[in-house]
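Sequence positions in the sequence shown follow mature numbering (1 follows the signal peptide of the UniProt record, and there is no 0) and run -22 to -1, 1 to 177. Every residue gets a Cβ at the ideal spot worked out from N, C-alpha and C, and that includes glycine. Please read all numbers here as calculations on a predicted model, not as lab measurements.
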Amino acid sequence: MRNIFCATALALSLAACSPASEEVAQSANQATANATEALTPIDPGTPTPSPGVTADANTLTLEGLGALKIGEPVPEGSGWAERGAQVSDMCRTISAPDYPGVYAIVSDEIVRRITVGQRSDVTLVEGIGAGATEAQVREAFPGFRETPHKYVDAPAKYLTAPNADSGDPALRFEIDAQGEVSMMHVGTMPVLGYVEGCA
């Protein structure tokens, strides 16, 4: 720090004898500011923002949708609740008024899967949602496994992430007979592969 102040004092005293004194003074001030900034310690605890697209409340991610998170209990006061008859006490479906066309499967009080259907405007970060074409899905997610649809004839199918059996949340698309996404799911196996709600 002593060297910074000495350099500044020298520059300012030279500036007093020079016809371009204002210009020199500005240069000296900038040099001092730069040197001080370079010596300012960086707080390692301060997170730096990462570039890229961030998810909003209507973006489905591998983590979940808004406050509803895969692998966690249903958040209190979130609006997600059971509506209508339930198949069993072990596996329940929930929905929220803020997310029409979306439901989630809860097992052992933990969110296991979130499903986005045709009445929803929820999309992935990539912009894919219900109504997207199979070609768009394959372009964004090459390598997804293709399996026949259980209830709809080909070309309907399921496209599932290759790592779906890893135990981590994964992505699965249902492609209809028109070659478009009818539903998309995020969750963990075996619930990610259920074809009838809780079954």
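So, with DSSP's three-state summary, where would you put residue i?
i           : result
residue 40  : coil
residue 112 : helix
residue 144 : helix
residue 171 : helix
residue 251 : This structure cannot settle anything about residue 251, because the visible part of the chain is limited to -22 through 177.
residue 123 : strand
residue 75  : coil
residue 90  : strand
residue 104 : coil
residue 176 : coil
residue 47  : strand
residue 178 : For the chain, the structure presents residues -22 to 177; residue 178 sits outside this window and is missing.
residue 97  : coil
Would you kindly work out how many angstroms separate the C-alpha atoms of residue i and residue j, rounded to a whole number?
i           : j           : result
residue 27  : residue 34  : At residue 27 the pLDDT is 34, less than 50, meaning the model places this residue with poor confidence and gives no usable figure here.
residue 166 : residue 159 : 20 Å
residue 146 : residue 105 : 22 Å
residue 127 : residue 98  : 21 Å
residue 100 : residue 51  : 21 Å
residue 176 : residue 112 : 26 Å
residue 71  : residue 142 : 21 Å
residue 45  : residue 86  : 18 Å
residue 153 : residue 110 : 9 Å
residue 151 : residue 66  : 25 Å
residue 64  : residue 83  : 11 Å
residue 68  : residue 47  : 19 Å
residue 61  : residue 73  : 7 Å
What span of residues does the beta strand (DSSP E) with residue i cover, start to end?
i           : result
residue 54  : Run containing residue 54: none; DSSP gives neither H nor E here.
residue 138 : 135 to 138
residue 82  : 80 to 85
residue 163 : 159 to 165
Which one of the options has the shortest CA to CA distance from residue i?
i           : options               : result
residue 115 : 135, 97 and 129       : 135
residue 80  : 142, 57, 133 and 121  : 57
residue 108 : 74, 78, 176 and 132   : 78
residue 94  : 171, 172, 139 and 164 : 164
residue 119 : 131, 129 and 102      : 102
residue 171 : 124, 157 and 43       : 124
residue 155 : 54, 139, 130 and 61   : 130
residue 75  : 59, 43 and 54         : 59
residue 148 : 174, 91, 133 and 173  : 91
residue 88  : 53, 41, 161 and 49    : 49
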